Amino acid sequence: MYKLFTFKVDYYSQKNYRKYIESRREEDIEILTVPLLELNQGGIDDFLSETEVDIDLTSAIKISKINDSINYVLEKIIYLLINHNVNFLIEETYLDELLNSFPYFVEGEKVDLDISEEVVTGNEVLKVGKNLIVNDERSFDELIYYLNQHLIGHEAFKKRFIEEVKVYKYFNKVIRDQPILSIFLLGPSGTGKTEIGRTLHKYLDETNSVAKINLANYKSESSLSSLIGSPPGYIGSKEESDLVRKINNSNAGLLIIDEFEKADGAIHNFFLQLLEEGKFDDALGNIRNLNGYVVIFTSNFKRNEFLEKVPSELRSRFNLIIECSYLNFEQRIEYLEKIFEEYCIQAGIPLNKQELNGLISMIEFKEEYNLRKLKQMTRQAFFDTYKDRLK
Numbered sequence: 008m009y010k011l012f013t014f015k016v017d018y019y020s021q022k023n024y025r026k027y028i029e030s031r032r033e034e035d036i037e038i039l040t041v042p043l044l045e046l047n048q049g050g051i052d053d054f055l056s057e058t059e060v061d062i063d064l065t066s067a068i069k070i071s072k073i074n075d076s077i078n079y080v081l082e083k084i085i086y087l088l089i090n091h092n093v094n095f096l097i098e099e100t101y102l103d104e105l106l107n108s109f110p111y112f113v114e115g116e117k118v119d120l121d122i123s124e125e126v127v128t129g130n131e132v133l134k135v136g137k138n139l140i141v142n143d144e145r146s147f148d149e150l151i152y153y154l155n156q157h158l159i160g161h162e163a164f165k166k167r168f169i170e171e172v173k174v175y176k177y178f179n180k181v182i183r184d185q186p187i188l189s190i191f192l193l194g195p196s197g198t199g200k201t202e203i204g205r206t207l208h209k210y211l212d213e214t215n216s217v218a219k220i221n222l223a224n225y226k227s228e229s230s231l232s233s234l235i236g237s238p239p240g241y242i243g244s245k246e247e248s249d250l251v252r253k254i255n256n257s258n259a260g261l262l263i264i265d266e267f268e269k270a271d272g273a274i275h276n277f278f279l280q281l282l283e284e285g286k287f288d289d290a291l292g293n294i295r296n297l298n299g300y301v302v303i304f305t306s307n308f309k310r311n312e313f314l315e316k317v318p319s320e321l322r323s324r325f326n327l328i329i330e331c332s333y334l335n336f337e338q339r340i341e342y343l344e345k346i347f348e349e350y351c352i353q354a355g356i357p358l359n360k361q362e363l364n365g366l367i368s369m370i371e372f373k374e375e376y377n378l379r380k381l382k383q384m385t386r387q388a389f390f391d392t393y394k395d396r397l398k
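In case it helps, the numbering used here puts the sequence shown at residues 8 to 398.
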């Protein structure tokens, strides 16, 4: 029945997305996603009312790689949307996949906006990237849906994080006295602290690299110079610093600071200023403005070590402090399933439930809790099983 209809789908580059959202909302046109519509499909007529809306199909195609049941949901929702004033769009990376999977879509036009990734005012550089300051409750629903789909376990983090983002949205956008949302994740190695940061980054930007600094690489007396650049007149003073380069290479308003237990006093003072002001001075004399960013710190600290070794004035700047724990038995099975499914999708190998159970049976995970080690074991099991079929 659906093939009686043909729908045009426009496409956009990811770096243009934030500006596109802003331009559409200036016209009172909301941009919705399929997961959000799925949550409201029972009352979709009331939900959409008489207004024009854009439907972004990107998240549905991403989810279909892991769970093809979303295809049925998408077809059902499209049928419900026939009599509504909707425009379809998708990130250009996923356009061909959409057209091949759903023949009732045809290629439309590219959404082309003239956007600069940096806005320079005087010597202040405001990094423009997609951030987590969502604009309404619908967007919060989308974020919750994504975290539940992609982040296994860590239920306390998910709940508290969403609440903290809501608070941050208000004080950043309305009161304008909280430039950065800062999160400190502590706990044993292998509990998935960095994975939390990577998951949030992928929600914002699946294409470009994550901006991540590992402080284990900045333990010398010149640690701060290595991080933000050398002062004028010193060797390397005219070169872009590690931190600036990694921020520039990412299109997401998110920064991960790993192994914070390796930080010295100079690093502590640097982040104290950054979290307070939302800005830092680079070696080239520019003021780097990270307003709207989420900064995630990770550390193997136990809670008592965190209280002892991180200065109280810096601790007070962290908006959310979470102690991460290992996944339980059922969650570790779910974690292994997710990794094997992702590997098979990327390798183009069909995988049924029986084969998946066979792969999991190869992993001695009952007494292994470290996610990093579990992932290494899944790699080996996957390669041993499919090495003759891998290109």
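Glycine included, every Cβ here is placed at the ideal spot set by N, Cα and C.
Bear in mind the structure is a predicted one, so any value in this text is a computation, not a measurement.
Worksheet item: For the putative contact between residue 222 and residue 270, defined by C-beta atoms under 8 angstroms, what is the C-beta separation to the nearest angstrom?
Response: 5 angstroms
Discussion item. By DSSP's criteria, residue 41 is part of a beta bridge. Which residues make up the other side?
Written reply: In DSSP, residue 41 forms no bridge with anything.
Practice prompt. Please classify residue 355: does DSSP put it in a helix, a strand, or coil?
Written response: coil
Worksheet entry | Cβ distance (whole Å) where residue 114 is taken to contact residue 106 below 8 angstroms | 6 angstroms
Fill in: Residues that residue 388 bridges to, as DSSP identifies them
Looking at the DSSP assignment, residue 388 forms no beta bridge with any residue, so it has no partner.
Practice prompt. For residue 103, count neighbouring Cβ atoms within 10 angstroms of its own Cβ and tell me buried if that reaches 16, exposed if not.
Written response: exposed
Fill in: Beta-carbon proximity list for residue 20, same chain, < 7 angstroms, skipping 5 on both sides
99
Fill in: Cβ neighbour criterion (16 or more within 10 Å) applied to residue 10
Residue placement at residue 10 cannot be trusted, given a pLDDT of 43 that sits under 50; the coordinates are not used to answer.
Practice prompt. Have a look at 362, 67, 370 and 343 and flag the residue whose alpha-carbon is nearest the alpha-carbon of residue 78.
Written response: 67
Worksheet item: How is the alpha helix (DSSP H) around residue 256 delimited, first residue to last?
Response: 249-256
Worksheet item: Is it the case that the Cβ atoms of residue 384 and residue 374 are separated by a distance below 9 angstroms?
Response: no
Discussion item. Can you look up residue 379 in the DSSP assignment and give me helix, strand or coil?
Written reply: helix
Item to complete: Determine, using beta-carbon pairs with one atom in the region 304-313 and one in the region 190-198, whether at least three such pairs fall under 8 angstroms.
Response: yes
Worksheet item: How big is the Cα-Cα spacing for residue 369 and residue 150?
Response: 34 angstroms
Practice prompt. Measure the C-alpha to C-alpha separation of residue 148 and residue 18 and round it to an integer number of angstroms.
Written response: 23 angstroms
Worksheet item: Counting along the chain, where does the alpha helix (DSSP H) carrying residue 165 start and finish?
Response: 162-177
Practice prompt. Evaluate contact between the region 174-183 and the region 275-282, counting only Cβ atoms and requiring at least three cross-stretch pairs below 8 angstroms.
Written response: no
Item to complete: Within 10 angstroms of the Cβ of residue 389, are there 16 or more other Cβ atoms? Answer buried if so, exposed if not.
Response: buried
Worksheet item: When DSSP builds the beta bridges, which residues end up paired with residue 58?
Response: BP columns for residue 58 are empty, so no partner.
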